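Residue numbers for the sequence shown follow this note's numbering, beginning at 13 and rising by one.
Virtual Cβ for every residue (Gly too), placed ideally from N, Cα, C.
This one's a predicted model, so the numbers in the text were calculated from it and none came from an experiment.
These notes concern the structure reproduced below.
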Amino acid sequence: MTILYHPLSLIISTPLGLIASQKCVRGKSFHGRSPCIINITRGLPMIVVLFYIYFVFPDIGITLTSFQASVIGIAFCFSTYIAEIFRSGIESVDRGRLAARDQWA
Numbered sequence: 013m014t015i016l017y018h019p020l021s022l023i024i025s026t027p028l029g030l031i032a033s034q035k036c037v038r039g040k041s042f043h044g045r046s047p048c049i050i051n052i053t054r055g056l057p058m059i060v061v062l063f064y065i066y067f068v069f070p071d072i073g074i075t076l077t078s079f080q081a082s083v084i085g086i087a088f089c090f091s092t093y094i095a096e097i098f099r100s101g102i103e104s105v106d107r108g109r110l111a112a113r114d115q116w117a
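Here's what the structure looks like:
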C-alpha cells in the first residue's frame, strides 16, 4: 500500500506546495493566509490530520474511503513541507542574480 500512497500523495502535494510557496514569496513581507496555514499544519501531527479528514469530513457531507482520506491527508501535510522547500530555495537566490537574469531576458 505504501507504494500506492507515496506517488499519489506526491503528485497532489507538489503543485499545492508550489502554489502555497508562491503566495508566500510574491510580496516582500511574509503576510497572508499561506504562512499561517503552513505553520499550523507543520505543527500538527499527521495522525491528527488523518483522523480529522477521515472522521470529521463525513459529518460535513464529504464521504471518503480510507484510501482517499489517507492520500489527501498525507498530501496536505507534505504540501506544507514542500512549500517551505520551494520558498527557501526562491529566497536563497541573491538579488544580484535576479537582476542579472532580468537584464539578459
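Can you grab the Cα-Cα spacing for the pair residue 81 / residue 65, in whole Å?
-> As the crow flies, the alpha-carbon of residue 81 is around 6 Å from that of residue 65.
With DSSP run on the structure shown, which of helix, strand or coil describes residue 60?
-> Of the three classes helix, strand and coil, the one that applies to residue 60 here is helix, per DSSP.
The alpha helix (DSSP H) enclosing residue 79, as first and last residue numbers | That run of the alpha helix (DSSP H) goes 78-103.
Spatial neighbours of residue 25 within its chain, please: CB distance less than 6 Å, with the 5 preceding and 5 following residues excluded, ordered by chain position.
-> Answer for residue 25: 87, 90, 91 and 94, listed in chain order.
In whole angstroms, what is the alpha-carbon distance linking residue 15 and residue 30?
-> The straight-line gap separating the alpha-carbon atoms of residue 15 and residue 30 is approximately 23 Å.
What distance in whole Å lies between the Cβ atoms of residue 83 and residue 17, which are believed to be in contact at a cut-off of 8 Å?
-> The pair is a contact, with the Cβ atoms about 6 Å apart (cut-off 8 Å).
Nearest-angstrom Cα separation, counted from residue 51 out to residue 108 | Those two C-alpha atoms are separated by around 30 Å.
Burial state of residue 98, where buried means 16 or more other Cβ atoms lie within 10 Å | Buried, since its Cβ has 16 or more Cβ neighbours within 10 Å.
Count the other CB atoms, across all protein chains shown, that sit within 10 Å of the CB of residue 78; report buried if there are 16 or more and exposed otherwise.
-> Taking a 10 Å sphere around the C-beta of residue 78, we find fewer than 16 other C-beta atoms and assign the residue as exposed.
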